[in-house]
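Residue numbers (this note's numbering): 54 to 338.
Virtual Cβ for every residue (Gly too), placed ideally from N, Cα, C.
Predicted, not measured: the structure shown is a model, and the values here were computed from it.
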Amino acid sequence: MTTIIDGKATAQAVRAELKEEIAARCKDGLRAPGLAVILVGEDPASQVYVRNKERACQDTGILSLPYRLPADTSQEALLALIAELNARPDVDGILLQLPLPAGLDASRCLLAIDPAKDVDGFHPENVGRLSLGLPGMVSCTPAGVIELLRRYNLPTRGKKAVVVGRSDIVGKPLALLLARSGEFGDATVTLCHSRTANLAEECRSADFLFLAVGRPRMVTGDMVKKGAVVIDVGINRTDSGLCGDADYDSVFPQASAITPVPGGVGPMTIAMLLKNTVDAWKART
Ligand code: GUN
54 MTTIIDGKAT
64 AQAVRAELKE
74 EIAARCKDGL
84 RAPGLAVILV
94 GEDPASQVYV
104 RNKERACQDT
114 GILSLPYRLP
124 ADTSQEALLA
134 LIAELNARPD
144 VDGILLQLPL
154 PAGLDASRCL
164 LAIDPAKDVD
174 GFHPENVGRL
184 SLGLPGMVSC
194 TPAGVIELLR
204 RYNLPTRGKK
214 AVVVGRSDIV
224 GKPLALLLAR
234 SGEFGDATVT
244 LCHSRTANLA
254 EECRSADFLF
264 LAVGRPRMVT
274 GDMVKKGAVV
284 IDVGINRTDS
294 GLCGDADYDS
304 VFPQASAITP
314 VPGGVGPMTI
324 AMLLKNTVDA
334 WKART
């Protein structure tokens, strides 16, 4: 029997809990949480992501403050906006949608965001905090992965975890989360990437296999140990629709639990963005 991990329902549950928490705290006249969402330029995928994030905020009782800037916005103007939002008492979170148009330096902009308002968890201070095991904002997708493990009661303690993909946004922070202490940490972690010598063998050694490379159906059933938990973070657009990094049909019978694509990890990312925003608000009110 393979459990299908329902990220859509889990994200809905997280969102419902946040909505209730916000309503309870605002009952006595406390201001609602505020999330500033900055989108520079007109990248169509980014426009969809941002719209979804703003809609999710409205659904949950978070005030979404949209900032749409033209693609030719200067670095100075963007930094000035970030400084203004850092100083605003009604703004709890600042989200700068990436990628930025050519000519803008994303690292410099992310560094300018107040780490306490960095709901994406991209600021070096928050990355450092994660690596040191200190409290801080954690990148939303890896945080969502851990939340799925927690809600499906799939503890990683003492297990062999293999993460495929070493991106700053997913693979690296996920490896750190799995290695930190706790029931849904305490794993023995291997971080694989494009230069890994024998990827199939590494994958086969995993009790928990996390895929975050962005290559459609790259991991097949023969690369998965019988009974492994497979968490597929890949979202790949193909001619036959969306698919993950796992070849779902061949991996499914091997796995004891698996996230589908779509409807697995994806919906958790926005849920954790809302959670980070609520956490920032609670710390400031
Ligand atoms: N672009 C693609 N994914 C993300 C994300 O999680 N956060 C931000 N800020 N930009 C992105």
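Helix, strand or coil for residue i? Go by DSSP, reduced to three states.
i	result
residue 277	coil
residue 199	helix
residue 55	coil
residue 267	coil
residue 319	helix
residue 63	helix
residue 311	strand
residue 255	helix
residue 181	helix
residue 78	helix
residue 208	coil
residue 126	coil
residue 135	helix
residue 114	coil
residue 142	coil
residue 68	helix
residue 192	coil
Since residue i sits in a beta bridge, which residues does DSSP pair it with?
i	result
residue 91	120 and 149
residue 291	294
residue 172	Answer is none; residue 172 lacks a bridge partner.
residue 83	DSSP lists no partner for residue 83.
residue 284	263
residue 299	272
residue 214	242 and 261
Cα-Cα, which of the options is closest to residue i?
i	options	result
residue 159	92, 61, 338 and 319	92
residue 344	143, 61, 56 and 148	Lying outside 54 to 338, the shown extent of the chain, residue 344 is not represented and no answer is given.
residue 264	244, 250, 201 and 321	244
residue 189	169, 74 and 206	169
residue 151	143, 163, 140 and 297	163
residue 230	165, 78, 204 and 198	198
residue 211	97, 120, 223 and 240	240
residue 325	172, 262, 224 and 236	172
residue 255	281, 97, 82 and 127	281
residue 129	318, 226, 157 and 276	157
residue 193	203, 154, 223 and 140	223
residue 56	305, 314, 332 and 203	305
residue 218	54, 201, 195 and 67	195
residue 299	238, 283 and 319	283
residue 209	60, 261, 320 and 65	261
residue 61	315, 134, 185 and 161	315
residue 120	81, 258 and 94	94
residue 109	335, 320 and 333	320
residue 308	220, 97, 252 and 273	273
residue 313	334, 278, 286 and 332	286
Report the CB separation of residue i from residue j in whole angstroms; it is logged as a contact under 8 Å.
i	j	result
residue 330	residue 88	5 Å
residue 125	residue 68	Not quite, the Cβ-Cβ distance comes to about 36 Å (not below 8 Å), so this is no contact.
residue 338	residue 83	6 Å
residue 259	residue 213	6 Å
residue 138	residue 144	5 Å
residue 183	residue 226	6 Å
Any chance the CB of residue i is under 8 Å from a heavy atom of ligand 3?
i	result
residue 152	This structure does not include ligand 3; its bound ligands are ligand 1.
- May I ask you to verify whether the stretch 261–280 touches the stretch 290–299, counting CB pairs closer than 8 Å and requiring at least 3? yes
- Query: Taking three-plus beta-carbon pairs below 8 Å as touching, is the stretch 112–128 in contact with the stretch 174–183?
  - Reply: no
- Item | Three or more C-beta pairs below 8 Å linking the stretch 72–80 and the stretch 97–105 | no
- Message: Below 8 Å, how does it come out for the stretch 245–252 and the stretch 294–301: are there three or more Cβ pairs, yes or no?
- Response: no
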